[in-house]
Structure formats: structure tokens, C-alpha cells
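Novice:
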Amino acid sequence: MSRETWVAVAIFVSGVVGVALYWFYPDRVVEPYNPADEEIILPKYDTEFYRSIDEVRRYIDSLKRALSRGEPLTLDSSELSSDGEKAQELALRDSRFMEDIRDSRGRVLHNDIMTARPAVISVMDRDTESICRGSSCYQVTKYNFVTDTTTRAVVDIENSRVLQVDRFRDREPDISQRLKRVAEAIALNSPEVAERLGATPEYRDMSMSNVRGSINGSPCEDDHHLCVAPTFSYHDREKALWAIIDLTDMRLVVAKWAGLGKTTTPSCIDERTLQNRYIMERFCQRNNHHKDMGWEFKYRITGSDGLEVLDAKFNGKYIIKSAKIVDWHVAYRGIGEVDTSSSETVVAGRRVEYVDGGDNSFYFGYNDAMGCPMFSTSVVLTFNAPEIGDIVRGGEKVGFYITQDFRNPKWPMACNYRYESRFEFYRDGSFRVVGINIGRGCGDRAIYRPVMRIDLFNGGESFFKYENGDWSRWLKEGRDFQYRAREYYRGRYLYKITSGDIGYYIEPNRGQFDNSRGDNATIFATLYRDDEGAKDLLTLGSCCKLDEDGVEQFIDGDGIDGSDIVLWYVPRVQNDSREGHEYCWADTVLENGNLVVKEFPCAVGAKFVPIDGAGL
């Protein structure tokens with residue numbers, strides 16, 4: 000994007016005016032924001048300035064030495080256990096793992112080893128899983144900055160061998176602690192950031208330094224660079240400054256103010272609770288089993304795809320191969336009034352609320368992943384073990400649920416997130432995959448999009464949409480938008496999927512579940528491919544391109560009828576911080592002299608209902 004275009008964007012954004020009140024100190028004079036506070040901050044210095052920063056210079060010197068040896072830049076001892084060091088050495092000797100470190104002319108490309116940590120079961124194929132049950136296994140991740148490719152190896156430490164190598168093009172991994180320090184140094188030493196803050200930025204005000212971030216039109220999206228978004232939060236001013244750092248070019252890309260909403264003293268979680276070895280060993284490194292009300296299934300916590308339910312049967316029939324939430328896309332558009340101009344549709348007597356984000360007016364955001372509580376650098380982490388409980392209606396048990404709570408350490412403080420992955424199973428054979436957002440995030444103008452991957456049955460499947468009074472069969476991969484629907488079968492069902500003598504209607508959420516505001520979902524049907532989410536999936540798509548959900552890259556026009564079909568269900572929900580209307584929100588407030596966390600969750604997800612014989 001040209002500098003002129005950046006300036007045009009800056010002028011446009013500077014027109015967005017927000018008013019926030021200082022409320023923590025009642026005697027403080029209330030002043031409106033200056034419109035200039037809303038501008039996008041463009042870098043004034045070239046790359047050479049940032050490369051003179053000590054942390055950046057040390058990184059580049061280390062990289063040059065690695066390139067001269069014809070090697071990737073490896074992790075140093077401060078980031079490695081003894082087993083991790085051995086895993087890294089074994090991976091570096093594996094030709095499959097190393098095959099992309101040179102270009103076609105033999106020149107060494109910039110590659111970094113990002114992590115070497117105990118392997119979680121969700122990254123393994125079946126053969127690897129079988130071996131690692133009786134052996135100590137590690138996963139080693141490498142990133143190629145030139146081709147934007149992540150390579151992951153699973154290493155058997157005890158038998159000194161690499162068991163599995165997976166390569167992911169156009170995907171970025173969790174970053175190393177070394178690169179996290181580089182990003183922090185660039186943000187802390189950026190004159191542009193200091194100028195806008197009116198003071199030298201301080202480390203204590205910074206968070207999210209290792210979380211991947213982006214902004215529309217920047218190299219982070221257009222050139223597939225590796226970018227992160229250190230965030231400076233100022234709760235007394237109800238604002239946060241995002242600094243988007245390009246770790247491919249080692250520079251500040253842009254900075255942007257965002258509103259936090261009112262907040263008071265945060266509720267903090269003990270670090271030992273998050274890094275719980277019991278959770279790692281019991282739920283991340285092995286499968287667990289549960290059986291109730293005719294249902295039986297396995298479940299586990301994945302490295303980056305949240306809680307996963309797999310191999311679920313109902314009364315002996317195979318129903319769910321795998322179901323999980325692989326990502327939460329979070330996009331922000333600054334401070335301002337809550338948007339009440341969204342289109343509305345009334346279907347089957349129900350009011351449907353949705354936000355049309357097709358104009359790409361949301362400029363920056365995060366891709367959040369949920370995962371295990373240890374050895375992870377960027378995910379919203381597991382908080383306690385999975386919980387299983389009864390679903391009771393009218394005093395009678397009608398089903399049960401399994402749910403997993405994922406939190407940032409300082410939730411509900413601003414710029415901290417909390418999500419739940421929840422699966423509901425009912426005695427009639429129906430089930431629901433649910434994503435729950437409990438705020439609070441980095442702003443009060445956020446669009447959240449959980450990406451749900453649901454793989455049913457075991458092949459021989461057909462997928463249908465209800466339209467024009469009949470069921471229309473999909474022959475090829477495709478996508479559909481819930482908000483366009485004008486009729487539902489029996490007033491409830493928009494899709495169905497069948498396999499032989501079993502099938503399920505799909506009932507999208509239109510506000511009938513959980514006192515919600517509906518899903519406004521996009522649904523995809525794709526052909527099963529092993530590298531498209533069967534194992535842990537790296538960050539999928541852009542946080543900020545609201546006309547794309549990331550699943551589009553899996554649509555190749557292949558035929559799906561009679562094959563193994565994967566469904567992707569991507570709701571879209573807008574948070575709300577208005578008093579009395581809070582949604583996808585949380586805060587810590589003073590109540591009766593004590594600090595109390597107030598939660599305003601939003602829940603999304605479709606219900607799958609068994610088809611009777613006549614509907615197959």
C-alpha cells in the first residue's frame with residue numbers, strides 16, 4: 000500500500016470520534032477525546048533505525064551466524080529443557096524437516112526454530128500417537144520467513160528419531176521468546192509510539208507481545224509477513240495503543256488507538272493454576288473417555304484448537320469423528336457509539352440480529368487460539384480441568400455437557416480474553432457445539448468469529464440446504480450465509496447431513512438459544528483432507544477481512560456428495576458495553592465494598608437434531 004493510501008486511511012479514521020468519561024476518580028474533570036487521538040499512527044523511520052535497537056541488532060547478528068553455517072536460527076538454552084535441546088538437534092538432522100531451508104539456487108533462507116516442547120496428542124497421526132503412548136515425544140516448530148511456511152516435527156526422544164513432519168504453507172506459528180523480546184524492544188523504542196503517548200512507554204503497561212496481529216492493507220496481510228501486536232493499556236484513560244510489529248522486516252508497521260471501556264482493578268489468576276502439570280498430563284497428552292445417556296466419546300485439550308470431542312457414538316452408531324473450535328477471530332474498529340444500524344430479518348417469527356461487515360471497516364485485530372496450559376506462547380490458556388455436568392429442564396435431566404474454560408491470566412482486565420468450548424449432548428441423540436465469549440478483550444467495538452470444525456460420520460455423506468420449499472443437495476464444496484435464508488424447514492432447520500441410514504438436521508442459532516442475539520453464521524462444506532484440521536490447525540485466515548473466514552482456502556471445487564464431508568460453522572457476533580445491554584463483556588466492579596466480576600457472556604452455535612426415517 001502506498002504512503003498516500005496510508006495517509007488517506009489515517010484521515011478517514013481520524014474522523015471517527017469517541018467520547019469516554021474518566022470515572023475512577025469522581026473529582027476528575029471530564030474531557031472529550033480529541034479527534035486526532037483516533038488517527039492511525041504511521042511510521043516515520045526506515046528499517047535501519049529499528050535495526051539499531053540493541054535487541055534487534057543482537058537477533059540479526061545471531062541470524063547472520065546461523066546463515067553462514069547453513070542452518071536455521073536455533074533456540075538458545077534459556078528456552079530449552081535438556082529434552083527440548085535433544086529434540087531440536089534431532090529435528091535439525093532430519094532431511095524432511097530441513098528440506099525448505101534453501102531455495103532452488105541453493106541459497107540459505109531465513110528460518111527460525113520457534114518452539115521445542117512436549118508434544119500434545121492432537122498434533123499426532125494415529126501411528127505417531129501409538130508410539131508416543133510409551134515414549135517421551137516432543138514437537139519442534141520451524142518458520143520460513145521467505146515462504147511464510149511453518150514446519151512441525153514430532154520427535155521420539157527416547158529412541159532418537161523423528162516420527163512425523165507436517166508442513167503448513169501461508170501459516171504462522173507461535174513465536175519464540177527471543178522474537179517476543181524483539182517485538183517488545185521495537186514497541187518500547189519506537190519514537191512514533193512515544194510521541195503519541197507523550198512519554199516513554201513502559202514495559203509494565205505492555206501485554207499481548209507474542210500474539211499475532213494484523214491491519215488491513217499492511218505487509219502482515221498483503222505480503223504474508225509474521226506480525227505481532229504488543230498493546231499498551233491505560234485503564235484510567237480507557238484507551239489502548241496497539242503497535243503492529245512486522246517481525247519479517249523488523250519494524251513498526253503502524254499503531255492505532257482503541258477504546259477499552261470502563262474498568263477497575265483487575266481480577267488476577269495465580270500463574271500456578273494456569274501452568275498445571277496435571278492438566279497437561281491428564282488432558283493434553285492423552286485421550287479421555289466419557290459415557291452417559293447412550294452417548295460415549297473421547298475428549299482432549301489440544302495445543303491450539305481448544306477442547307476436542309472425537310469418536311462419539313450414540314446408541315452404538317458412529318456420529319462425530321471430531322468437533323472443535325480452531326480459532327477465534329477478533330476484529331476492532333475503534334471508539335464510538337455501538338452500531339445499532341445492523342440489518343434485521345424476521346424468520347419464522349423470530350428477530351434475527353446480524354452485523355454486515357462486508358465493507359472491511361474493521362482495521363485491526365487478533366487471531367486467538369485456545370490451548371493447553373503449559374509450553375504455549377500465544378494461546379488463551381486452559382483454566383482448570385474440563386467440567387462435565389447435567390442439563391436439567393423442568394426438574395428432569397435431559398442431557399449433559401462438557402465444557403472447558405480458557406482465559407488470559409489477567410481476565411477480566413482489558414486486553415484479556417476468556418472463552419469456553421462447550422459440547423451439549425441430549426438423550427434424544429441431538430447435540431450442540433457451542434462457543435462462549437465472556438469478554439473482555441481490547442475494545443468495546445469488537446466483532447468475534449469462532450471457527451468451528453465439525454466432522455460427522457465416517458464417509459458416504461450428503462449435504463443439503465433447505466430453499467424454495469425443498470432440500471437442495473450440494474454436489475461440490477461451497478459456503479452459505481445464514482442471514483440470506485428466508486425459510487427454514489419446520490421453521491427450524493436450514494441444513495441437513497446424511498450418511499446411509501442416519502442423518503442430522505442443522506438448526507442455526509437465531510436467538511432461540513441462551514438468550515443470545517443469533518449467530519449470523521457462515522457455513523462451509525469441504526472435502527476431508529488430513530492437513531485441513533484433522534490435527535492441530537495453525538492460525539486460519541485473517542482476523543480483519545470480514546468477508547473471509549479463512550476456510551475459503553480449503554474450497555477447491557472438489558465433489559463432496561457421497562464422500563467424507565467436513566462442516567465449518569463460523570458465527571459472527573458483536574460485543575456491547577452499553578449499561579443494561581452488555582454482551583460478550585466482563586468487568587470488575589466495586590459492589591458492597593468488594594470487587595466483584597460481572598460477566599455478560601454471549602453463546603453461539605448450531606444444534607444438530609436426528610432425522611427421523613422419513614427425512615432421510
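Quick note, the sequence shown lines up with residues 0 to 615 if you use numbering that gives the first Met the number 0. C-beta atoms are modelled at their ideal positions from N, C-alpha and C, and glycine is treated no differently. Quick caveat: nothing in here was measured; it's all calculated off a predicted structure.
From D102 to T140, what distance separates their C-alpha atoms?
Specialist: Rounded to whole angstroms, D102 to T140 spans 19 Å at the Cα level.
Novice: Quick check on the DSSP output: what are the complete alpha helix (DSSP H) runs of length 4 or more inside the region 65-143, in order along the chain?
Specialist: Segments of the alpha helix (DSSP H) lying fully in the region 65-143: 81-91, 94-97, 125-131.
Novice: Under 8 Å Cβ to Cβ from G356, same chain only, skipping five residues before and after it: list those, please.
Specialist: Note that G356 scores a pLDDT of 41, beneath 50, so its modelled location is shaky and nothing firm can be said.
Novice: Report yes if the C-beta distance between Y492 and E476 is below 8 Å; otherwise report no.
Specialist: No.
Novice: Measure the beta-carbon distance from C226 to C371 and round it to whole angstroms, keeping in mind my assumption that it falls under 8 Å.
Specialist: Contact doesn't hold; Cβ gap of about 24 Å is too wide.
Novice: Looking at C-alpha atoms only, which residue of H328, D291, N286, G293 is the closest neighbour of S321?
Specialist: It is N286.
Novice: Spell out a yes or no on whether the region 457-465 and the region 486-500 are touching, meaning 3 or more CB-CB pairs, one atom from each, closer than 8 Å.
Specialist: Yes: at least three Cβ pairs fall under 8 Å.
Novice: Report all residues from its chain with a CB closer than 6 Å to the CB of I550; omit the five preceding and five following residues, and keep chain order.
Specialist: Before going further, note that residue 550 is Val rather than Ile in the sequence given. Same-chain partners within the cutoff: F523, W567.
Novice: Can you check which of these residues, E307, A184, A228, is closest to R421 by C-alpha distance?
Specialist: Nearest option by C-alpha distance: E307.
Novice: Have a look at D454, D530, G517, L537 and flag the residue whose alpha-carbon is nearest the alpha-carbon of P582.
Specialist: In the sequence under discussion, the amino acid at residue 582 is Tyr, which differs from the Pro named in the question. For the residues D454, D530, G517, L537, the minimum Cα distance to Y582 belongs to G517.
Novice: Which class does F512 belong to by DSSP, given the choice of helix, strand or coil?
Specialist: F512: coil per DSSP, three-state reduction.
Novice: Keeping to the same chain, check which residues put their C-beta closer than 7 Å to that of L273; ignore five residues upstream and five downstream.
Specialist: Here L273 scores only 44 on pLDDT, less than 50, and its place in the model is too uncertain to base an answer on.
Novice: For the 8 Å Cβ check, are there 3 or more pairs between the region 144-153 and the region 65-84?
Specialist: No, they do not touch.
Novice: Check whether the region 47-67 touches the region 172-189, taking contact to mean three or more Cβ pairs, one atom from each stretch, closer than 8 Å.
Specialist: Yes, since at least three Cβ pairs between the region 47-67 and the region 172-189 fall closer than 8 Å, the two stretches touch.
Novice: Using the C-alpha atoms, what's the distance from R116 back to Y137?
Specialist: Cα-Cα distance, rounded: 5 Å.
Novice: Hey, how far is the Cα of R95 from the Cα of H580?
Specialist: Between R95 and H580, the C-alpha separation is close to 54 Å.
Novice: Hey, R431 and D560 are a contact pair by Cβ (cut 8 Å); roughly how many whole angstroms apart?
Specialist: Not really, about 26 Å apart at Cβ, beyond 8 Å.
Novice: Assign H328 to one of two classes, buried (16 or more other C-beta atoms within 10 Å of its C-beta) or exposed (fewer than that).
Specialist: Classification of H328: buried, given that the 10 Å Cβ count is 16 or more.
Novice: Keeping to the same chain, check which residues put their C-beta closer than 7 Å to that of G398; ignore five residues upstream and five downstream.
Specialist: Counting only Cβ-Cβ distances below 7 Å, and skipping sequence neighbours, we find M292, I390, E423, F424, Y425, R426.
Novice: Roughly how many angstroms separate the alpha carbons of V595 and C441, rounded to a whole number?
Specialist: Computed Cα separation, rounded: 20 Å.
Novice: Just the Cα atoms here: how many angstroms apart are G197 and S206?
Specialist: Taking the straight line joining both Cα atoms gives about 19 Å.
Novice: Measuring CA to CA, which of A520, R452, G302 is closest to Y482?
Specialist: Minimum Cα distance to Y482 is reached at A520.
Novice: Just to confirm, are Y416 and D367 a CB contact at a threshold of 8 Å?
Specialist: Yes, the pair counts as a contact, with Cβ atoms nearer than the cut-off.
Novice: Is it buried or exposed for T230, if we count other Cβ within 10 angstroms and need 16 for buried?
Specialist: Buried, by the Cβ-count rule.
Novice: Could you tell me which residues DSSP pairs with Q403 in its beta bridges?
Specialist: Q403 is bridged to S420.
Novice: For H328, which residues does DSSP report across the bridge?
Specialist: Bridge partners of H328: N366, R448.
Novice: What are the residues that DSSP puts in a beta bridge with M205?
Specialist: DSSP, once it has assigned bridges, lists F231 as partnering M205.
Novice: The beta strand (DSSP E) that contains I505, what's its start and end?
Specialist: First-last of the beta strand (DSSP E) with I505: 501-506.
Novice: Between the C-alpha atoms of R299 and V569, what's the straight-line distance to the nearest angstrom?
Specialist: Approximately 22 Å between the Cα atoms of the pair.
Novice: Does the Cβ of L246 have 16 or more other Cβ atoms within 10 Å, making it buried, or fewer, making it exposed?
Specialist: Its Cβ being crowded by 16 or more others within 10 Å, L246 is buried.
Novice: Starting from the C-beta of H223, find all residues in its chain whose C-beta is less than 7 Å away, skip the five residues before and the five after it, and write them out in chain order.
Specialist: Counting only Cβ-Cβ distances below 7 Å, and skipping sequence neighbours, we find D147, D169.
Novice: Which of the three DSSP states, helix, strand or coil, is assigned to K63?
Specialist: K63: helix per DSSP, three-state reduction.
Novice: If I'm right that K597 touches D586 with Cβ under 8 Å, what's the distance once you round it to whole angstroms?
Specialist: At roughly 5 Å, the Cβ-Cβ gap stays under 8 Å, so K597 and D586 are in contact.
Novice: For L89, count the other beta carbons within 10 Å of its own beta carbon; 16 or more makes it buried, fewer makes it exposed. Which is it?
Specialist: With 16 or more other Cβ atoms within 10 Å, it is buried.
Novice: List the endpoints of the continuous alpha helix (DSSP H) containing R195.
Specialist: Counting along the chain, the alpha helix (DSSP H) containing R195 begins and ends at 190-196.
Novice: Count the other CB atoms within 10 Å of the CB of F456; is the residue buried (16 or more) or exposed (fewer)?
Specialist: Buried.
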